[in-house]
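Numbering of the sequence shown is given in numbering that gives the first Met the number 0, commencing with residue 0 and proceeding in unit increments.
One structure below.
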Amino acid sequence: MPSFLISNARVFDGESVIHTSGHVLVVDGSIKLVSATKPTATPRDCTILDGLGCTVLPGLIDAHVHAYHDVDFLEKAIQYGVTTVIDLHNEPHWFRDLKAIAAERDDVSDIISVCYAATIKNGWPSAIVTLSSPDPDVLNRISDWPNIIDAASAEEYVAKNIAAGASYIKLMQESGDGIALPFPTRPVPTPSLQIQKSIVDSAHRHGLLTFAHAVSCSDTLRMLEAGVDGLAHVCNEPLNLDALDAFNRIKPFVIPTLAIHASASGEEQSSRERFADGLDNGEREHMCSCLNISREGFTLQNACENVKVLRDAGIEIVCGTDSSKHLNGVMAGASLLHELWLYVNRCNFTPLEALKSATSVTARRLKLTDRGRIQEGLKADLVLVKGDPTTSIDCVTDIVTVWRNGQRVK
């Protein structure tokens, strides 16, 4: 495996700029040395890359995607510096196929999954998948999804999911309040609070973190009452005092997914088009075509205001997009860069705070101990960009090189 030295580059280690003109040595796929001075001894085959005027940062992590069985999703994501994606509902055999490919190839993003989410019959996401999926076999697939009806089936689901390769457990709490789609029943069926608590308790007994899908204020509060570790979306209607009190007590992480909120409400078309530059015609059309499914009062503006309130209250923000080839308005990789831009330009984050949300904060909150930072001994998942993205988030689009496991991708 080749070794290389990035010299004279600004080094953002996932937390802060530790060197304004530093050096990062990579040997055998791992970070060997991070230094303010150029090492005097390097491996014989070491390639030296001059990073003058550039910044090296950890590979970015998108904490909310749906990759399905699409290798091209992983191929596209890594081109934008996204070296890891967290897959928040998938067929276990599709995930295992993608994981095997990612283990063999370093030119695709790594993938970590919840496998099946904790679903119930006719609940989320079957309610929307049956309306949106082009897969002719979709009803047969849905029939194999979990149907959790009590504590015993919750324990059985968690055990089976772990055996299938799940690294986390995801709960579903979607009543459909904010979504203008012709669901067969309203509200969309959801598990009882007791069942949701049983799922969380079982996951925790097995040592797994829990995510929860919830978008409305009432559904969000229900998931906080269940004791989840993190929210897979930020609420897109104003949070009430009960919800804010629960956030302050529980301190979950929140994955805002502003990119999908913007698509759902039809907002941010001009910025979406900007981040779609460079995509081929079909991909650009997909990213620039909004879902437009939000009911009145459920808006991106509300979501952004909630991110501000939660961040000011000490709630940690973990960057994620809900990107999927089946959801218009988002695109693998490109939407992660759009998401970061939205944090800075709509939620008053500093560029440094935004970058932390896609690197070290995600790694820490999701217990990814081998990535998300530039530190000796960790995976050499790295991105080199022109300029300084810690002061201007626009620089994240000017990618020079991406490495995964020390292998050059771009």
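Note that beta-carbon positions come from the ideal geometry of N, C-alpha and C, so glycine has one too.
Please read these numbers as outputs of a predicted model, since none were measured by experiment.
Judged by DSSP secondary structure, residue 271 falls within the alpha helix (DSSP H) whose first and last residues are 268-274. In the pairwise beta carbon analysis, the region 264-276 is classified as touching the region 288-302: at least three pairs are separated by under 8 Å.
Annotation: the region 108-136 contains the following complete segments of the beta strand (DSSP E) (minimum length 3 residues), in chain order: 109-112. Judged by DSSP in its simplified three-state form, residue 365 adopts coil rather than helix or strand. The beta carbon of residue 48 is closer than 8 Å to those of 3, 4, 5, 6, 383 and 400 in its chain, skipping five residues each way along the sequence. For residue 289, the three-state secondary structure derived from DSSP is coil. Out of 349, 230 and 44, the CA that lies nearest to the CA of residue 393 is found in 349. Cβ neighbours of residue 341 within its own chain (closer than 6 Å, five residues either side excluded): 257. Here residue 113 is actually not in contact with residue 159; their C-beta atoms are around 12 Å apart, not less than 8 Å. Only residues of its own chain outside the window of five on either side were considered, and among them 216, 219, 220, 223 and 234 have a CB closer than 8 Å to the CB of residue 242, listed in chain order. Only residues of its own chain outside the window of five on either side were considered, and among them 292 and 294 have a CB closer than 6 Å to the CB of residue 179, listed in chain order. Runs of alpha helix (DSSP H) with 4 or more residues, each lying fully within the region 229-284, are found at 240-249, 257-264 and 268-274, listed in chain order. In this structure, DSSP gives residue 98 a helical state, which the three-state scheme calls helix. When the beta-carbon positions are compared, residue 106 and residue 85 stay at least 9 Å from each other.
A direct Cα-Cα distance of roughly 50 Å separates residue 52 from residue 144. 9 Å or more divides the Cβ of residue 226 from the Cβ of residue 171. Scanning its chain for C-beta atoms nearer than 6 Å, with the 5 sequence neighbours on each side dropped, one finds around residue 153 the residues 147, 197, 198 and 201, in chain order.
For residue 30, the uninterrupted beta strand (DSSP E) run begins and ends at 29-34, by DSSP. Comparing alpha-carbon positions, the option among 41, 206, 303 and 259 lying closest to residue 238 turns out to be 303. Taking a C-beta distance under 9 Å as the contact criterion, residue 210 and residue 254 qualify as a contact pair. Within the DSSP bridge table, the entry for residue 190 names no partner.
Contact check for residue 64 and residue 320: beta-carbon distance about 7 Å, within the 8 Å limit, so the pair qualifies.
Between the C-alpha atoms of residue 54 and residue 161 there is a straight-line separation of about 38 Å. Under the DSSP definition of a beta bridge, residue 336 lacks any partner.
By the C-beta density criterion, residue 120 is exposed, having fewer than 16 other C-beta atoms within 10 angstroms.
Judged by their CB atoms, residue 409 and residue 397 are not nearer to each other than the 9 Å cut-off. For the options 346, 284 and 273, the alpha carbon positioned closest to that of residue 301 is the one of 346. Taking all protein chains in view, the Cβ of residue 312 is surrounded by fewer than 16 other Cβ atoms within 10 Å, so the residue is classified as exposed. Apart from sequence neighbours up to five positions away, the residues of its chain that approach residue 379 with a beta-carbon distance below 7 Å are 25, 28, 29, 30, 402, 404 and 405, ordered along the chain. The residues 137, 138 and 141, in chain order, have a CB closer than 8 Å to that of residue 129 in the same chain once the five nearest residues on each side in sequence are set aside. Rounded to whole angstroms, the Cβ separation of residue 251 and residue 278 is 34 Å, and the two are not in contact under 8 Å.
Here residue 72 is not bridged, per DSSP, to any residue.
With 16 or more other Cβ atoms from the protein chains shown falling within 10 Å of its own Cβ, residue 66 counts as buried. By the criterion of a C-beta distance shorter than 8 Å, residue 186 is surrounded in its chain by 174, 175 and 176, once the five residues flanking it on both sides are discounted.
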